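Visitor: Top to bottom, those sequences are chains L and G. Residue numbers for the first sequence follow my numbering, beginning at 1 and rising by one. Residue numbers for the second sequence follow my numbering, beginning at 419 and rising by one. Each residue gets a CB set at the ideal place from its N, CA and C atoms; glycine is no exception. Since this is a predicted model, take the numbers as computed values, not measurements. Handing you this structure, nothing more for now.
2 protein chains.
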Amino acid sequence: MSVEEQIIEMGRRARSIAPRVAGLGAETRNRVLKAMAAALIDRRESILAANTGDCESAEASGLSDAMRDRLRLDRPRIEAMAEGLDRVADLHDPVGTELSVVRRPNGLVIRKVRVPLGVVAVIYESRPNVTADATAVCLKAGNAVILRGGSEASASNAAIFDAMAAAGGATGLPPDAMQFVRTTDRAAVGALLRMDESLDLVIPRGGESLIRAVTEQSRVPVLKHYKGVCHVYVDRAADLDMALAIALDAKCRRPGVCNAMETLLVHDAVADAFLPRLADAMAAEGVEIRGDERAVALLPGATPAAESDWFEEYLDLILAVRVVGDLQAAMDHIDHYGTRHSDVIVTADHDAARHFTSEVDSAAVYVNASCRFTDGAEFGLGAEIGISTDKLHARGPCGIDELTTYKYVIDGTGQVRG
Amino acid sequence: MSVEEQIIEMGRRARSIAPRVAGLGAETRNRVLKAMAAALIDRRESILAANTGDCESAEASGLSDAMRDRLRLDRPRIEAMAEGLDRVADLHDPVGTELSVVRRPNGLVIRKVRVPLGVVAVIYESRPNVTADATAVCLKAGNAVILRGGSEASASNAAIFDAMAAAGGATGLPPDAMQFVRTTDRAAVGALLRMDESLDLVIPRGGESLIRAVTEQSRVPVLKHYKGVCHVYVDRAADLDMALAIALDAKCRRPGVCNAMETLLVHDAVADAFLPRLADAMAAEGVEIRGDERAVALLPGATPAAESDWFEEYLDLILAVRVVGDLQAAMDHIDHYGTRHSDVIVTADHDAARHFTSEVDSAAVYVNASCRFTDGAEFGLGAEIGISTDKLHARGPCGIDELTTYKYVIDGTGQVRG
């Protein structure tokens, strides 16, 4: 069989097993996930051996330090994967939840019930833990899953997958409920993205180029996360100590993640008081600042920002700073340059806060807190398959509920419409 | 300006007014809709005059009777449009509804709040009432709307639009909250479908070819309704009188709509008793029957069905009939040939009913009722913008709630993640 034929066959098998996965029942699904968690611990040594092989190849082929760090497994990382599976098992069961029920005047009872999407494909890059995390979240939501990992992690992914699949098979998971694309041939991705008959959703996890390529090629609906150009706006009524603490947290703690701040906006009335303090604190953290004219004048060491800086997702210790005349100007900036991910207002003015939260069209809008909280675990979802920057279907952190849809189940006693 | 430039400018204006439309408040939105309803009545004569012009052109250009009927307005049809606007005004206000709220251990209060999608484009064919209906549903949900109707109805659509826009403008609707593409140049549709920066959703309303063309070309997310190949399965435990009444309702009352039955499946054990009765009743309604071998033997006048018949959305007085060995065979048939729209089991067996409703993966799954009830009004949604055959975002009848998304509004007291 060609690669394309193999992938089509995987899709066909996933589609045909999907109703059985959906009908497994919470008890079986949770038993399967817990058995998988135990299997990761049991097979730890063979997983580590496979990972050592991947890491040696990665070093030989000159992969960057950052990529090699994402690729590398150790005992704590495997334990964290296993704990993740246990946690997902302990979450509420999304399948079958009644979302609403109405009894119509004609006696029909119309229930809106949460059901699995069906078949989900996950396409990811170098981090092998995605093999475990994504499988758990998809299965918990009652979906069949097809995994396609990065070629640099192929031995690690296969070892993790094999441990989980064996444990699943022994505890009641139907064969083909989870499938792993073993070929590293890139044609496999193209074939997956054309299978709109078999797949209900594809989730790309990785850098912007992967996500863009998947979105552009896919005939299957994509749950995607583009850039996070997140803003903190320091209002004229801000507590400046709080603003400084939030700015430092949002920029410096993990600058390489999507919910880090990229641009700070500050109201003209507090710029004189705030920006010199910001300059000192950011300098101590090694942050490079690029500002508009007024900001540069108040920020020692800052360089002028180009127009392109306001659009930039630095993912690094670089911060763009702009002084704005009022709240509306801050919101206009966010509307024009932002990516509708996470934006913050720091203010003690209740009206300004409500104006900001109602007008700023982002997945998460914060008052007096760091944008770094945009995360499935921090939102209490328990597990996360990604953060959606789309507006349709699901927005912001996506957990198990976001991997479901619903159907209407209508009980009658012979009603006809006439 | 070229057509493309005009459309891009409309999108830019809609995008920029969207926050004001979202923030109007229920009272203003409802006042606007009621004023629009009154305006349709006030301007009834000029709308009818415009429609007469469209109908004369349609006749001269040889449009089919069915198309001309869809195009034609009269006083009752205008009154029905106005009543529709009033009814939408009276619906619950979807904007700002709190969908969930959690207080996290760190004190953050995370509210999930329903918000408008932003800008919705509606592309439709010959029925001018869509101008009023779609505008009402979009505005009620807090969205800006761009309308593009069929060229054969352009004078009627413009007259309806102008009446509504004038009434809206006089009662607080911002200019550009509703826009109408006046050119009949087809390039306008292509331009709309490329505007993923300005549009949040496009809704095609019309025949399968329009929907297919929009889906294939669009960079903007599409809320779409493909075919409805709906099934009625008469179980071995069916009340056969009820089954006959449901089959007649589902096939004969309005054969040309998407929620009409196209295929009837009957359990082998009741085929002898049921099919001759079905044959008589369907013959009296003028229904042509195409059956499998066993069905043809039991149905006087039936002809053998080809494989393609099981996939067919006849939208006509034609019915495909198949005898199946058991419930599983019925569900396998629906899975293979169906379009996941609306499917029915007629049975007195509770277990069979629950098996059917849990395994059949359709937007609406019925027990002992006609599939013709799949409709926004019948489901109690109050208004309908379409019936989605997608699984993501919204499924089945879509009303005002389905034209919204949500955002997370997080209130803190200075929390940082660290």
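For D580(G) versus I435(G), is the C-beta distance shorter than 8 Å?
Guide: Contact: no.
Visitor: Which value, in whole angstroms, describes the spacing of the CA atoms of D86(L) and M164(L)?
Guide: C-alpha separation (whole angstroms): 13 Å.
Visitor: Please list the partners that P639(G) has in chain L, where partner means a Cβ-to-Cβ separation under 7 Å.
Guide: Under the 7 Å cutoff, chain L gives L392.
Visitor: Taking 8 Å as the threshold (C-beta atoms), are T404(L) and L199(L) in contact?
Guide: No, these two residues do not count as a Cβ contact at 8 Å.
Visitor: Where do the ends of the alpha helix (DSSP H) carrying H225(L) lie?
Guide: Taken as a continuous stretch (DSSP letters only), H225(L) belongs to no alpha helix (DSSP H), as it is neither H nor E.
Visitor: Could you please tell me which residues of the segment 546-564 of chain G, in chain order, have their CB closer than 8 Å to any CB of chain L?
Guide: Those would be none; no residue qualifies.
Visitor: Chain G partners of T405(L), CB-CB under 8 Å?
Guide: Those within 8 Å of T405(L) in chain G are K809, L810 and R813.
Visitor: From what residue to what residue does the alpha helix (DSSP H) around G190(L) run?
Guide: Segment A187 to L193, the alpha helix (DSSP H) holding G190(L).
Visitor: Around the Cβ of R103(L), are there at least 16 other Cβ atoms within 10 angstroms (buried) or fewer (exposed)?
Guide: It counts as exposed.
Visitor: Anything in the segment 759-777 of chain G with a Cβ closer than 7 Å to a Cβ of chain L? List those residues in chain order, please.
Guide: Residues T775, S776 and E777.
Visitor: Are the C-beta of V644(G) and some C-beta of chain L separated by less than 8 Å?
Guide: At residue 644(G) the sequence reads Tyr, which differs from the Val that was named. So no, Y644(G) is outside the interface.
Visitor: Would you report the Cα separation of I818(G) and F598(G), rounded to the nearest angstrom?
Guide: Rounded to the nearest angstrom, the two C-alpha atoms are 20 Å apart.
Visitor: Residues of the segment 285-298 of chain L with a CB closer than 7 Å to any CB of chain G: list them in chain order, please.
Guide: For the segment 285-298 of chain L, which is checked against every Cβ of chain G, not one residue is closer than 7 Å.
Visitor: Skipping 5 residues on each side, what residues in its chain have a beta carbon closer than 7 Å to that of A571(G)?
Guide: The answer, listed in chain order, is D472, L489, S544 and P546.
Visitor: Where K642(G) and G832(G) are concerned, what is the direct C-alpha to C-alpha distance, given to the nearest angstrom?
Guide: Whole-angstrom Cα-Cα distance: 44 Å.
Visitor: Out of E463(G), I528(G) and T633(G), which one is the CA nearest neighbour of R837(G)?
Guide: Here chain G has residues from 419 to 836 only, and residue 837(G) is not among them.
Visitor: Alpha carbon to alpha carbon, how far is G142(L) from A377(L)?
Guide: About 20 Å.
Visitor: Please return the same chain residues whose Cβ sits closer than 7 Å to the Cβ of S218(L), not counting the five positions on each side in sequence.
Guide: Contacts found: L193 and V202.
Visitor: At what residue ranges does the segment 221-299 of chain L contain a whole run of the alpha helix (DSSP H), taking only runs of 4 or more?
Guide: Listed in chain order, they are 240-252, 268-284 and 293-298.
Visitor: Rounded to a whole number of angstroms, what is the C-alpha to C-alpha distance between S64(L) and A58(L)?
Guide: Cα to Cα, the separation comes out at about 9 Å.
Visitor: Indicate the three-state DSSP secondary structure (helix, strand or coil) for Y755(G) in the structure shown.
Guide: Three-state DSSP puts Y755(G) in a helix.
Visitor: Is it buried or exposed for E262(L), if we count other Cβ within 10 angstroms and need 16 for buried?
Guide: Under this definition E262(L) is a buried residue.
Visitor: What residues of chain L sit near M660(G), judged by a beta carbon separation below 7 Å?
Guide: G414, listed in chain order.
Visitor: Assuming contact is defined by CB atoms lying nearer than 8 Å, are A306(L) and G291(L) in contact in what I supplied?
Guide: No, the pair does not count as a contact, with Cβ atoms beyond the cut-off.
Visitor: If we ignore side chains and look at the alpha-carbon of each, how far apart do P523(G) and A383(L) end up?
Guide: One C-alpha to the other measures close to 17 Å.
Visitor: Using the rule of at least 16 other Cβ atoms within 10 Å of the residue's Cβ for burial, across every protein chain shown, is H336(L) buried or exposed?
Guide: By the 10 Å Cβ count, H336(L) comes out exposed.
Visitor: Along chain G, in chain order, which residues have C-beta atoms closer than 8 Å to that of S362(L)?
Guide: Correct list: K825.
Visitor: When the cut-off is 8 Å and only beta carbons count, does I70(L) lie next to chain G?
Guide: Before going further, note that residue 70(L) is Arg rather than Ile in the sequence given. So, not an interface residue.
Visitor: Taking 8 Å as the threshold (beta carbon to beta carbon), is R322(L) in contact with chain G?
Guide: It does not; no Cβ of chain G falls within 8 Å.
Visitor: Identify the contact partners of P673(G) in chain L, using a Cβ-Cβ distance below 8 Å as the criterion.
Guide: None at all; the shortest Cβ gap to chain L is about 13 Å.
Visitor: On the DSSP bridge assignment, give the partners of L147(L) in chain order.
Guide: Answer is V122(L) and F180(L).
Visitor: Can you tell me the Cα-Cα spacing of L466(G) and T602(G), whole angstroms?
Guide: About 20 Å.
Visitor: Considering only the alpha carbon of each residue, which of R532(G), R604(G), V647(G) and A456(G) lies closest to V632(G)?
Guide: The shortest C-alpha separation from V632(G) is found at R604(G).
Visitor: Given a limit of 7 Å on CB to CB distance, which residues of the segment 10-24 of chain L reach chain G?
Guide: Within the segment 10-24 of chain L, the residues whose Cβ lies closer than 7 Å to some Cβ of chain G are P19 and G23, listed in chain order.
Visitor: Along the segment 523-534 of chain G, what residues have a CB closer than 8 Å to any CB found in chain L?
Guide: Answer in chain order: L526, I528 and V533.
Visitor: Provide the residue(s) that pair with D343(L) in DSSP beta bridges, ordered along the chain.
Guide: Its beta-bridge partners are H231(L) and V365(L).
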